[in-house]
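One structure is given here, and the rest of the page talks about it.
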Amino acid sequence: MSNTIISVKNLTKQYQAEQAGGIKNISFDIQRGDVVAIIGESGSGKSTLLKTIFGLLKTDSGDVFFEDKRVLGPDEQLIPGHKQMKMVTQDFSLNIYAKVYDNIASQLSNTDLKTKTEKTLAIMEHLRILHLQNKKIIELSGGEQQRVAIAKAMVSDTQVLLLDEPFSQVDALLKNQLRADIKRVASETGVTVILVSHDPADGLFLADQLLIIKDGELLQTGKPADIYQHPKHIYTAQILGNAVVLSREDAEKIGLKTALEFVVFYPEWAEINNSWNSRRFEVKDVYYKGFYDELLVERKGVNIRALQLNRGEHKKNDHVQLNISHFLEF
Ligand code: ADP
Ligand code: MG
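Per full-length UniProt numbering, the sequence shown starts with residue 1, numbered consecutively.
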């Protein structure tokens, strides 16, 4: 049995007919309960895609289905979207002088006050903001406000939650926590999450399904690990893993043969070792990366980046043996 909750079919939305911008002929399905990450550079069309899925933007062509029901556009109904879809934008739309509790509870009707209280407290617990319930929004950090905005969006039987750049307001440490919490809340509540980010690290870590968008087009969709290992475009390998891209001529100079135009590999596929088939490179620079070093190494005028897990082992001007375990051809 298919468990598709959202189906996007041939969506096209151009802001100005002749100019670039918008999205072009995008189709994909989303499975119930999945966390879906839409990754692409700034201006690639991520927010446009999210808004059209939600029903906020009139499309040029194509449709979005929530289960089997077509999502109506802004010209077809007064309140856009489907009532079980909620979107959290970067401005949060919270009442900043009201308390956290009241911001969230305001989404529920007063016909059953006991249920209203229970649901509000439950979602606050899921988002780990119970201790903030009596604070006003203006007293909160950006990361805390983000959690309140998500709780508010989720409290009223929401089945699909759309998040536009949810990690942009939080610092690195809180970002890790928020990422893990979104994943946890999705699995605890069964809500389907569609999030947009310009930072691939956000998507790779938590997504069940990844979409790579470039210039308004969907380049590839699938599981993060599959896309990472088998990118269909050089761009995808670059945005996901900062891949090394060599022309055929350069690749040949360091002993990699291809019949195609380009050789592409991730720095971690280039390992320093001394096996019989490894080749000598000179270390040109060492970049400190925390628990590992990235080495810029050179051979016959070809520069590549490789990982050094044993931090500090090789220094600038050292000669190292390098083995490129495998590579992709384009
Ligand atoms: P992203 O969210 O990936 O940064 P957007 O979907 O916001 O990208 O924008 C995609 C492209 O469409 C950009 O080139 C942007 O300038 C253009 N665009 C977005 N919104 C509008 C609009 N309301 N009118 C005209 N062009 C727009
Ligand atoms: Mg955007």
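Quick reminder that beta carbons are idealized off the backbone N, C-alpha and C, glycines included. Since this is a predicted model, take the numbers as computed values, not measurements.
- In this structure, the beta-carbon distance from F54 to L219 does not fall below 8 Å.
- The C-alpha of A37 is placed about 15 Å away from the C-alpha of K175.
- The residue from S197, P166, L173, V155 with its alpha-carbon nearest to that of V191 is V155.
- Bridge partners of G222 according to DSSP: L210.
- At least one heavy atom of the ligand MG lies closer than 7 Å to the C-beta of K46.
- Taking each of H230, F291, I272 in turn and checking the Cα distance to V264, the smallest one comes out for H230.
- Beta-carbon to beta-carbon, K214 and Y235 are separated by about 6 Å, close enough to satisfy the 8 Å threshold.
- Residue nearest to K116 within the set K152, M85, K135, Q146 is K152 (criterion: CA-CA distance).
- Under DSSP, E294 shares a beta bridge with Y287, L307.
- Q31 has T4 as its beta-bridge partners, per DSSP.
- With a minimum length of 3 residues, the unbroken runs of beta strand (DSSP E) contained wholly in the segment 44-115 fall at 61-66, 85-88.
- Secondary structure at V148: helix, using DSSP grouped into helix, strand and coil.
- Closest option to N323, judged by alpha-carbon separation, among T48, E329, R280, D91: R280.
- Judged by the Cβ position, G203 fails to qualify as a neighbour of the ligand ADP at the 7 Å threshold, every heavy atom of the ligand being at least this far.
- With 16 or more other CB atoms across the displayed protein chains lying within 10 angstroms of its CB, D202 is buried.
- Taking every protein chain shown into account, the CB of N10 has fewer than 16 other CB atoms within 10 angstroms, so this residue is exposed.
- DSSP places E313 outside both helix and strand once states are collapsed to three, so it counts as coil.
- Between the segment 52-69 and the segment 79-97 there are three or more C-beta pairs closer than 8 Å, enough to call the two in contact.
- As the crow flies, the alpha-carbon of Y287 is around 25 Å from that of G255.
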